[in-house]
Amino acid sequence: MWDLTRAGKQRWTLFGTSSEGQNHNRIVFNMSSVRLQDDRELLVSTSMDREVRHLSSWSYQRGISSSRVLLTPSLVLLLFQIKCWDLTSLDCLWTLPTLGGFVYALTFSPVGTGCLALGVGDNMIRVWNTLTTQNQYDTRSFWQGIKSKVTALAWHPQKEGSLSFGTDDGKVGIYDVFSNKPPQISSSYHRKTVYTLAWGPPVPPMSFGAAGGKPSCSLYSCAGEGVILQHDPSRLSGEATDIDKLIRDTNSIKHKLSPHTDLSWKPDGKVVAIGNEDGCIDVYEAPALKLLCSIQQHHKIINTLRWHHDHASSAELHGLLASGSSNAIVYVHDLRSIVENPPDSPVVLTEPYRRLCGHTSKITGMAWSPHHDARLVTVSYDGTAQVWDVLQEAALSNYRGHHGYLLSVDWSPVDPDVIWTGGKDFTLQEWRVSKQEFTKPPKGKKNTELKEKMKANPRQKKKNKKTLGSGGAAPLETNGEAVKGEQKAAAGQELSGEDEDDEVSSTHSPVPAAANVEIQRKAPVTARSKDKPVFPDSNLQKKKKPRSMLPVSTSMDHRPKDDLLQDCVTLAAVRHSEAPPAGCVPGQGDHIHLGLFSDRPALRRMFESEEENHVEAGHYDSVVYLRLWSGDLEGALQLATEKGELNDHLLAIAPMAGFQAWSRAVEAFVKQLCLQEQYLKAASHLLSINKLYEAVELLRSHKLYREAIALVKARLPADEPVLKELYTCWAAVLEKDGHFSAAAKCYLAAGASFDAAKVIARKNDVSSLRTAASLARISGEVALAQSLALRCAKDLAADLDWVGAQEVLSAQETLLVHRLHLCVAELLAATLSDPPAGSPASCASSNTWASPGEAHVSIQDRVRGVWEEQFGVSQESVGNHSATYLLQELKSVESPTPTANIPLRQLYSSLHLTWAVLSSLLDDDGQLLKEAWQAVSWFRDAGHFCVSAELCRLLYPDGMFL
Numbered sequence: 001m002w003d004l005t006r007a008g009k010q011r012w013t014l015f016g017t018s019s020e021g022q023n024h025n026r027i028v029f030n031m032s033s034v035r036l037q038d039d040r041e042l043l044v045s046t047s048m049d050r051e052v053r054h055l056s057s058w059s060y061q062r063g064i065s066s067s068r069v070l071l072t073p074s075l076v077l078l079l080f081q082i083k084c085w086d087l088t089s090l091d092c093l094w095t096l097p098t099l100g101g102f103v104y105a106l107t108f109s110p111v112g113t114g115c116l117a118l119g120v121g122d123n124m125i126r127v128w129n130t131l132t133t134q135n136q137y138d139t140r141s142f143w144q145g146i147k148s149k150v151t152a153l154a155w156h157p158q159k160e161g162s163l164s165f166g167t168d169d170g171k172v173g174i175y176d177v178f179s180n181k182p183p184q185i186s187s188s189y190h191r192k193t194v195y196t197l198a199w200g201p202p203v204p205p206m207s208f209g210a211a212g213g214k215p216s217c218s219l220y221s222c223a224g225e226g227v228i229l230q231h232d233p234s235r236l237s238g239e240a241t242d243i244d245k246l247i248r249d250t251n252s253i254k255h256k257l258s259p260h261t262d263l264s265w266k267p268d269g270k271v272v273a274i275g276n277e278d279g280c281i282d283v284y285e286a287p288a289l290k291l292l293c294s295i296q297q298h299h300k301i302i303n304t305l306r307w308h309h310d311h312a313s314s315a316e317l318h319g320l321l322a323s324g325s326s327n328a329i330v331y332v333h334d335l336r337s338i339v340e341n342p343p344d345s346p347v348v349l350t351e352p353y354r355r356l357c358g359h360t361s362k363i364t365g366m367a368w369s370p371h372h373d374a375r376l377v378t379v380s381y382d383g384t385a386q387v388w389d390v391l392q393e394a395a396l397s398n399y400r401g402h403h404g405y406l407l408s409v410d411w412s413p414v415d416p417d418v419i420w421t422g423g424k425d426f427t428l429q430e431w432r433v434s435k436q437e438f439t440k441p442p443k444g445k446k447n448t449e450l451k452e453k454m455k456a457n458p459r460q461k462k463k464n465k466k467t468l469g470s471g472g473a474a475p476l477e478t479n480g481e482a483v484k485g486e487q488k489a490a491a492g493q494e495l496s497g498e499d500e501d502d503e504v505s506s507t508h509s510p511v512p513a514a515a516n517v518e519i520q521r522k523a524p525v526t527a528r529s530k531d532k533p534v535f536p537d538s539n540l541q542k543k544k545k546p547r548s549m550l551p552v553s554t555s556m557d558h559r560p561k562d563d564l565l566q567d568c569v570t571l572a573a574v575r576h577s578e579a580p581p582a583g584c585v586p587g588q589g590d591h592i593h594l595g596l597f598s599d600r601p602a603l604r605r606m607f608e609s610e611e612e613n614h615v616e617a618g619h620y621d622s623v624v625y626l627r628l629w630s631g632d633l634e635g636a637l638q639l640a641t642e643k644g645e646l647n648d649h650l651l652a653i654a655p656m657a658g659f660q661a662w663s664r665a666v667e668a669f670v671k672q673l674c675l676q677e678q679y680l681k682a683a684s685h686l687l688s689i690n691k692l693y694e695a696v697e698l699l700r701s702h703k704l705y706r707e708a709i710a711l712v713k714a715r716l717p718a719d720e721p722v723l724k725e726l727y728t729c730w731a732a733v734l735e736k737d738g739h740f741s742a743a744a745k746c747y748l749a750a751g752a753s754f755d756a757a758k759v760i761a762r763k764n765d766v767s768s769l770r771t772a773a774s775l776a777r778i779s780g781e782v783a784l785a786q787s788l789a790l791r792c793a794k795d796l797a798a799d800l801d802w803v804g805a806q807e808v809l810s811a812q813e814t815l816l817v818h819r820l821h822l823c824v825a826e827l828l829a830a831t832l833s834d835p836p837a838g839s840p841a842s843c844a845s846s847n848t849w850a851s852p853g854e855a856h857v858s859i860q861d862r863v864r865g866v867w868e869e870q871f872g873v874s875q876e877s878v879g880n881h882s883a884t885y886l887l888q889e890l891k892s893v894e895s896p897t898p899t900a901n902i903p904l905r906q907l908y909s910s911l912h913l914t915w916a917v918l919s920s921l922l923d924d925d926g927q928l929l930k931e932a933w934q935a936v937s938w939f940r941d942a943g944h945f946c947v948s949a950e951l952c953r954l955l956y957p958d959g960m961f962l
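Going by the UniProt record's numbering, the first residue of the sequence shown is number 1, and it counts up by one from there.
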């Protein structure tokens, strides 16, 4: 700073000399002074500093109770640093840090307490010591080796300062945050964005070898292409391994594995949970990755998985796994019994331990509280963070301080009341659970936004005005219809909610608005055409004169008359004299035009001069024809290839130059056609030189799968491996675009019946599940057919379509016990007087034997009568109809824990009643009473006391002791 009030030459005074590191270290591009009420003068400066230092003595975030924020101001989107200076002392008062992108990931170090790492969309990592007492914002930035957004972070569980990161361009690396060394980057790249990083025990082949040679921890990365790689942190230069091969080998899996989207290791390292694109969660036992169970509760892509910490006061909580997907519901699963007592064969779970309902959009992140038992915080696309009491299924606190959706969250390791969240608004925010005004997320947010947009842009009434003249009215009517269709499409997109990201259907778009405006502009011109006729321009009717092949020699014919006469004398001298006139060389220079009237060498010289002129003008096609005329076919093909001027005519005469020249020309023409996006024509030309496989690959690489398959089936044997590969690739593309039926056809043609049934079932409606079950049964996939049939029957029963549910199960001979269970559920629904859909009239469809019976007949006697008459099950039944066999099969049917969130119409107590009736067929009175009592107590525990009493009356119409 200079003091301009002083006279004479002086040296400037430097700011921030009282202590080291106060000043900027990169370009300063703005300064502004301000005077305070106490007459103090401050100077605010901004710079492009990367080494960010933070606010020390001035509170700049207001309006959010009990929160601390690391942010980018609303008017600033670049990564820079803002400093405030005291103009009296020239000392820096505070430094304001900023973020230049979304906060994709945040995580506290498990070793260095209070050390918070941030993964940001400005291609940088921040590491913040949140517990320092000297500088409240003690932050270091890391950008070396990072070329794109930082989307995933994970601290090493034991090694202090070791931080792994994943980026948007698929790279995985490890930083030592306490050193100035550049990061180690894994030599194995993902093809898409890295979603998740996790440290866990090594699995084969990395777990093999001597005890001193194998790592204690491996780094696992999951990315957008659906692959999980295992990296050796001590040798990131080595090749990472895909764990899918180990999963296939251990579990003897033949079908295609669903793409993976997330993974989470249990804190003790015994099992790992892997989320998939189809909404399924698979739990594997380390180190061989044996499949223990498959959770089929979500039906959309899994976004986040988290195991409960293992230092809970109750050991029963150690097996809790929370999961979030593109559904708005959070599910918590109790896997303790499966982890402690692994089953011999994989178990399929379809019921959660707890449901957490409240968010209105997809779940993006979650974290268990390290200070409480079964307390969870989740963040969502609805722009809020929600704290839950999992055991009570209760919403405790809702934070709404962000603008836009949230992407990351973590609980403070030292303060039980503090949570940190980051999101789309370029901010990291610290807030207190106890200080929040709301307990649940806002409801109906998307519908509210749609209504506000409708109010802001009211639909204009359109007047249909008939325009005079031919064709005047039609464009206006078409335009009106197009606008209506466009508004409806826009409204449909707003109301579609979270489903807009999951499935894409092929639809016809309305006429674009730009085209409509063009029609409106042109309509008046059409109307006026009747008053003033427009005659076509006579010049346009003339045919365009073709370009001359010999323009230089032709131009010589337009010289003065004397010059043209002299040409005749010169030509006569050339033809009839032994020596041509001095300076005259026909076909060259000023006598180029005489090459046409002289000998062949003269003509060649003329062609060479004409070629030079065409090259200068860029008329390469004319050069090609001149070479053709002179007999230089190879030269013509070579030039056309270099300049991209090949055409069908040249290819038709190319065989005259020999097979090699023809092949090279065809291959060059194929490249030229591909640049012009004429892929079908290019593939056809490859067939002409017997390059069938190259033609198929060309069609496949440009996603013309239908044409590629048709070509293979027409030319190659039916067992050609490339045919199956084409079907599989096309099916993957169709599945990704939401065309499940077409994808299933491709899987069937490729012989992958399992995948065909799975992809049809992804729609998760009744008709799709029914079709998928039938397909799996016909194809011999018995286990899958049973699973799908049960899911379909469960949905039909939930809608009280009892007849449809029985029809679905009747197609599977091994599901008799489930039909009996469904029969009991229908009888209960028809007999109980209090449930919401109790009357048969309200059912979608019911069987004739389900009508209410006589009052003095017990429900178990009615069940036995229906079983014997309709299903052939009685005390005398043998084989797979015997009560002993059916009781064994009934053990696989789940019964959820009674909570108020489970709809009453599902009537899960029917499971216990089914068990009781089967026990009565075996004369096991003790088990009969036990199961009958559990059927009654199920309603009581769920809070439905009247229904519980009604069921008691049905079980014992004459009293329990008569």
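By construction, the Cβ of each residue, glycine as well, lies at the ideal position given by its N, Cα and C atoms.
So the candidates are the options; which of them puts its Cα closest to the Cα of residue i?
{"i": "ALA708", "options": "SER701, VAL696 and SER622", "result": "VAL696"}
{"i": "ILE27", "options": "LYS9, LEU42 and THR46", "result": "THR46"}
{"i": "CYS217", "options": "PRO201, PHE142, GLU225 and ILE228", "result": "PRO201"}
{"i": "ALA328", "options": "SER337, THR304 and GLU351", "result": "THR304"}
{"i": "SER408", "options": "GLU720, VAL103 and GLY751", "result": "VAL103"}
{"i": "GLY269", "options": "ILE82, LEU887, THR5 and GLU285", "result": "GLU285"}
{"i": "GLN158", "options": "PRO233, ASP737 and GLY751", "result": "PRO233"}
{"i": "THR139", "options": "LYS149, HIS190 and LEU96", "result": "LEU96"}
{"i": "LEU734", "options": "ALA756, GLY751, ARG6 and ALA718", "result": "ALA756"}
{"i": "MET206", "options": "SER237, ILE185, GLY226 and THR241", "result": "THR241"}
{"i": "GLY170", "options": "VAL227, VAL552 and GLN136", "result": "VAL227"}
{"i": "GLN429", "options": "LYS440, LEU406, PRO442 and THR439", "result": "LEU406"}
{"i": "LEU571", "options": "LYS561, LEU596 and ARG559", "result": "LEU596"}
{"i": "LYS254", "options": "VAL418, HIS260 and ASP244", "result": "ASP244"}
Opposite residue i in the DSSP bridges: which residues?
{"i": "GLN230", "result": "TYR220 and THR241"}
{"i": "LEU887", "result": "Answer by DSSP bridge pairing: none, since LEU887 is not bridged."}
{"i": "ARG600", "result": "Beta-bridge pairing links ARG600 to no other residue."}
{"i": "ARG432", "result": "VAL418"}
What do you reckon, are the CB atoms on residue i and residue j nearer than 9 angstroms?
{"i": "GLY279", "j": "LEU263", "result": "no"}
{"i": "GLY16", "j": "GLN22", "result": "yes"}
{"i": "ILE592", "j": "GLU616", "result": "no"}
{"i": "PRO352", "j": "CYS293", "result": "no"}
{"i": "HIS190", "j": "ALA223", "result": "yes"}
{"i": "ASN847", "j": "GLN806", "result": "yes"}
{"i": "VAL203", "j": "VAL172", "result": "no"}
Give every residue of the same chain whose Cβ lies closer than 6 angstroms to the Cβ of residue i, excluding the five residues on either side of it in the sequence, and list them in chain order.
{"i": "TRP730", "result": "TYR705 and CYS746"}
{"i": "residue 976", "result": "The requested residue 976 is not part of the displayed model; the chain covers only 1 to 962."}
{"i": "PHE108", "result": "LEU116, ASP410 and PRO413"}
{"i": "VAL824", "result": "VAL863, SER910, LEU913 and THR914"}
{"i": "VAL34", "result": "LEU42"}
I'd like the list of long-range same chain contacts for residue i, defined as Cβ closer than 7 angstroms, with 5 residues on each side in sequence excluded.
{"i": "VAL808", "result": "ARG770, ALA773, ALA789, CYS792, ALA793 and LEU796"}
{"i": "SER19", "result": "none"}
{"i": "ASP122", "result": "LEU79, LEU99, GLY100 and GLY101"}
{"i": "GLY145", "result": "GLY173, PRO182, PRO183 and ILE185"}
Taking residue i and residue j to be in contact with their CB atoms under 8 angstroms, please state how far apart those CB atoms are, rounded to whole angstroms.
{"i": "LEU887", "j": "ILE859", "result": "About 19 angstroms separates the two Cβ atoms, so there is no contact after all."}
{"i": "LEU118", "j": "TRP85", "result": "At roughly 27 angstroms, the Cβ-Cβ gap does not stay under 8 angstroms, so LEU118 and TRP85 are not in contact."}
{"i": "PHE754", "j": "LEU784", "result": "6 angstroms"}
{"i": "TRP662", "j": "ALA654", "result": "4 angstroms"}
{"i": "LEU699", "j": "TYR727", "result": "That pair is no contact at about 14 angstroms."}
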